[in-house]
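Student: First the structure, which I've put down as C-alpha cells, then a few questions once you've had a look.
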Amino acid sequence: ASAESADGLTYQLINDSTEVAITGCDDVTSVIVPSEIEGKPVTTIAERALSSKSKLLKVTLPDSVTTIESRAFNDCSHLRSVDMGNGVKTIGTFAFSGCNELTSITLSENLTEIGESAFNQCSALTELALPDSVATIGNGVFASCSKLKQVTLPNGLTSISESMFSDCSALTSVEIPDSVTSIGKYAFKNCVKLVNISIPDSVTVISDGAFYGCKNLNKINISNKVVILEKGVFGGCENLNEITIPYGMIN
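Taking my numbering, the leading residue of the sequence shown gets 10, the next gets one more, and so forth.
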C-alpha cells in the first residue's frame, strides 16, 4: 500500500488493510500517535519510521500499538520521554539505540520481547524496571548506557544475554532473578561501579568474560549448581577479594 498522511504522520494500511502502520512523521517536537486512522487500529510503528528526528522530544503511543519495529526511533538524539501505552508486546532491534537524551520511558505492562541493542547508547537513562511479562531480551540491550544505575529484571527471565549491560559504567545495582539459568558473554563487561552481585542458585552457566573489567567488584558467590564457568569470567576484576567457587570445579 502507498503511504498516506494524517495529522503530520505518514502511514500505510497493513494486514489486508485491517490495520495501520506509522511509517514517518513531520519534523516536530512531540508526536502523539492516534489509536485509529481511517477507522482502523494503529498497531505498528514501522522500521525506521521516526529514526533520526533531531527535533523530537516526546512520543506518546496508544494502547492499540503492539509492535515497535527495528530502528523505529533510533538516533532521535533529543528524544527525552516515551510513553509506550500498554499494548506493546515487541520492541525491535536497535529501536531506541542512540537516543542519548532519553531519560524517561514507560514500558508496556504486556511487553514480552525486547530486541538486540534496543536501548544501546541511551546514555542519559538512569534506571529502568522491566515488567514481569518480558520473557526474551536480546544481546546488548543496555550496552553503553553509561548513566544507567539500576535495573529491575523480570521474574521469569531465563537468560542474561550477551553484552546485556556491557560498558554500563554507572551500574551499581542489578538483582538477577532466581529464574535465570545462564549469564552470557561479556554480560557485565566494564561495569566498573558494580561492587557485589548475587548469583542465584538457578544459574548453571556463566560465559566467557561475563564480569570482565568489573574492577571494583570485590565479592561474588557462585553456587554449586554452576556446571560451566568459561574462561576470563573475572578477567580484570582487580579488586575481587572474595570468591566462592563450587568444590570440584577447579582441579
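Ideal Cβ positions, reconstructed from N, Cα and C, are used throughout, including at glycine. From a predicted model like this one, the values you see are computed outputs, not experimental measurements.
To the nearest angstrom, how far is the alpha carbon of A127 from that of D84?
Tutor: Roughly 11 Å between the two C-alpha positions.
Student: Once the 5 residues before and after S60 are set aside, which same chain residues still bring their CB inside 8 Å of it?
Tutor: R80, A81, F82, N83, D84, C85, listed in sequence order.
Student: Leaving out five residues on either side along the sequence, give the residues of the same chain with a beta carbon under 6 Å from the beta carbon of K240.
Tutor: D217, listed in sequence order.
Student: Here's a check: name, in chain order, each residue in its chain whose Cβ is nearer than 6 Å to the Cβ of T69, leaving out the five neighbours to either side.
Tutor: For T69, where only same-chain residues beyond five positions count, the Cβ hits under 6 Å are I41, D92.
Student: Starting from the Cα of G244, find the closest Cα among K234, N227, P71, S232 and give me that residue.
Tutor: Selected option, being the one with the closest Cα: N227.
Student: Suppose the cutoff is 8 Å on Cβ atoms and the five residues either side in sequence are ignored; what does the same chain contact list for T121 look like?
Tutor: Once the five neighbours on either side are set aside, the close Cβ partners of T121 are K98, T99, S142, V143, A144, T145.
Student: Closest to Y221 by C-alpha separation, out of I208, V236, I215, K198, would be which residue?
Tutor: That would be K198, whose Cα lies nearest to the Cα of Y221.
Student: Distance, Cα to Cα, N260 vs I254?
Tutor: With a pLDDT of 39 at N260, under the threshold of 50, the predicted position of this residue should be treated as unreliable, though the coordinate-derived value follows. Those two C-alpha atoms are separated by around 12 Å.
Student: With a Cβ-Cβ cutoff of 8 Å, do S90 and L65 count as a contact?
Tutor: Going by C-beta atoms, S90 is not nearer than 8 Å to L65.
Student: Identify whether V40 lies in helix, strand or coil by the three-state DSSP scheme.
Tutor: V40: strand per DSSP, three-state reduction.
Student: What are the uninterrupted segments assigned as beta strand (DSSP E) that are 3 or more residues long and contained completely in the segment 110–145, given in chain order?
Tutor: With a minimum length of 3 residues, the continuous beta strand (DSSP E) runs that stay inside the segment 110–145 are 113–115, 136–138.
Student: Drop a sphere of 10 angstroms on the beta-carbon of D210, count the other beta-carbons inside from all chains shown, and report buried for 16 or more, exposed for fewer.
Tutor: Counting Cβ neighbours within 10 Å, D210 comes out exposed, since fewer than 16 surround it.
Student: Taking the beta carbon of T234 as the centre, do at least 16 other beta carbons fall within 10 Å, making it buried, or is it exposed?
Tutor: Before going on, a small fix: residue 234 reads as Lys here, not Thr. The residue is exposed, with fewer than 16 neighbouring Cβ atoms inside 10 Å.
Student: So, at 8 Å on beta carbons, what are the nonlocal neighbours of S172 in its own chain, with the 5 sequence-adjacent residues on each side left out?
Tutor: These residues qualify, in order along the chain: N148, G149, A152, G193, K194, Y195, A196, K198.
Student: Given this structure, state the Cα-to-Cα distance separating V189 from V74, to the nearest angstrom.
Tutor: Distance between the alpha carbons of V189 and V74 is about 29 Å.
Student: Our contact map puts S191 next to S168 with C-beta atoms below 8 Å; I'd like the distance itself, whole angstroms only.
Tutor: 5 Å between Cβ atoms; contact.
Student: Rounded to whole angstroms, what is the Cα-Cα separation between S178 and C154?
Tutor: Cα to Cα, S178 sits roughly 8 Å from C154.
Student: Could you compute how far the alpha carbon of K212 sits from the alpha carbon of D187?
Tutor: Note on identity: in this sequence residue 212 is Val, with Lys being the wrong assignment. Near 8 Å, if we compare the C-alpha coordinates of D187 and V212.
Student: Please state if the CB of I23 and the CB of I272 are separated by a distance shorter than 8 Å.
Tutor: The chain is shown from 10 up to 260; residue 272 falls before or after that span and cannot be answered.
Student: Just how far apart, CA to CA, sit N95 and L249?
Tutor: Those two C-alpha atoms are separated by around 42 Å.
Student: Any idea what DSSP makes of D176, helix, strand or coil?
Tutor: Residue state, collapsed to three classes: coil.
Student: Starting from the C-beta of E251, find all residues in its chain whose C-beta is less than 6 Å away, skip the five residues before and the five after it, and write them out in chain order.
Tutor: Cβ within range, chain order: K228.
Student: With a threshold of 8 Å on Cβ separation, who are the neighbours of H87 within its own chain once the five nearest residues in sequence on each side are excluded?
Tutor: So the qualifying residues of the chain are S63, K64, L65, L66, E110.
Student: Straight-line CA distance for V130 to L116?
Tutor: A quick correction: the sequence has Gln, not Val, at residue 130. The alpha-carbon atoms of Q130 and L116 are separated by roughly 18 Å.
Student: Identify, in the order they occur along the chain, each residue of the same chain with its Cβ nearer than 7 Å to the Cβ of L180, setting aside the five sequence neighbours on each side.
Tutor: So the list reads L157, K158, F174, C200, K202, L203, once near-sequence residues are dropped.
Student: Determine the contact status of E28 and P43, defining contact as a CB-CB distance below 8 Å.
Tutor: No.
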